[in-house]
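Since the structure comes first, as structure tokens, the remarks are kept for the end.
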Amino acid sequence: MRKHLFFLALPLLFLAACERATSNTQTVISDDCGVNWKLIAVGEMVPSRVGVCALKVTVPSFPMQGDTRFRVAFQNRALAHAELAYSYEITDPLKFISNAKYLGKQNAKADDKANDSGRYEGAENMVIDIILRDIATEDLIATSIIDFDQAKFEAAYLARINKKLAERGVTIQALTFNIVPDDQTRQAIDVISARNVYASFGLSELGDRIMVARAGASRVDLNVEKAGREN
6 MRKHLFFLAL PLLFLAACER ATSNTQTVIS DDCGVNWKLI AVGEMVPSRV
56 GVCALKVTVP SFPMQGDTRF RVAFQNRALA HAELAYSYEI TDPLKFISNA
106 KYLGKQNAKA DDKANDSGRY EGAENMVIDI ILRDIATEDL IATSIIDFDQ
156 AKFEAAYLAR INKKLAERGV TIQALTFNIV PDDQTRQAID VISARNVYAS
206 FGLSELGDRI MVARAGASRV DLNVEKAGRE N
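Residue numbers (the working numbering): 6 to 236.
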């Protein structure tokens, strides 16, 4: 009787030792120290394996948030800062893990700290941010900051970014790209915009005179105003 109970308990112990791939993660395993990886479908049993080269990594399958800020140069070396916020998802865990082998943990479970989404965000943002900066640098150097169209740029930029990130198993779902000009660049934009307004009324020469006068009159006006108050 005891033997029968023992043999009946063995399958239960085996099932208890196994883990199922959950819907909010993507589980990949390797039996050769990460040379080749296999994806475990959602709901399937994740086989329990032992050995130094028996690796298991669970990758988040839900959208994660990222942001970055870097310096960019527009046409004629107009300098600005680019501020980006984006939502991304790991869509191909096999490609992703091949480019981010430093993530996860040997035989890690889905709820281990090694698989915390914040850790994935911090590490993967480094990979994504490099591509974001490189492509922005290429695209903006030939773009006039005066004529910069944020919506039009974002659409083309997102397409280029996702084409490159597809090689890493990552897709950016949404992105905002804001430009913050440097002080000198902002002043130049104001001057050019003002000239365009005067030119639209056929008053280019008058506009130039007014801007020259205002450019050199800020401190003089302040001194005159103070003198008037004292009198």
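In this text, a Cβ means the ideal position worked out from N, Cα and C, and glycines have one as well.
In this text, all values refer to a predicted model and were calculated from it rather than measured experimentally.
Where residue i sits in the DSSP three-state scheme
| i | result |
| --- | --- |
| A85 | strand |
| A179 | strand |
| A161 | helix |
| I102 | helix |
| I166 | helix |
| I151 | coil |
| I140 | helix |
| I135 | helix |
Contact set for residue i: own chain, Cβ-Cβ below 8 Å, skip 5 residues either direction
| i | result |
| --- | --- |
| L84 | R76, V77, A78, P186, D187, Q189, T190 |
CA-to-CA distance, residue j to residue i, given in whole angstroms
| i | j | result |
| --- | --- | --- |
| Q31 | K100 | 12 Å |
| D72 | R54 | 38 Å |
| T148 | Q80 | 5 Å |
| I151 | I136 | 25 Å |
| K43 | I146 | 42 Å |
| A164 | E172 | 14 Å |
| D134 | I45 | 29 Å |
Cut-off 7 Å between Cβ atoms - residues of its own chain near residue i, not counting five sequence neighbours on either side
| i | result |
| --- | --- |
| S242 | A question about residue 242 goes unanswered here, because the residues of the chain that appear run from 6 up to 236. |
| F182 | A87, L89, Q155, F158, E159, Y162 |
Bridge-paired residues (DSSP) for residue i
| i | result |
| --- | --- |
| P186 | A85 |
| T73 | L89 |
Cβ shell of residue i (< 6 Å), same chain only, five flanking positions each side left out
| i | result |
| --- | --- |
| T176 | E94, T96, N167 |
Item checked: Within the region 25-69, ranges of the beta strand (DSSP E) (whole runs, at least 3 residues) -> 30-35, 43-45, 60-65
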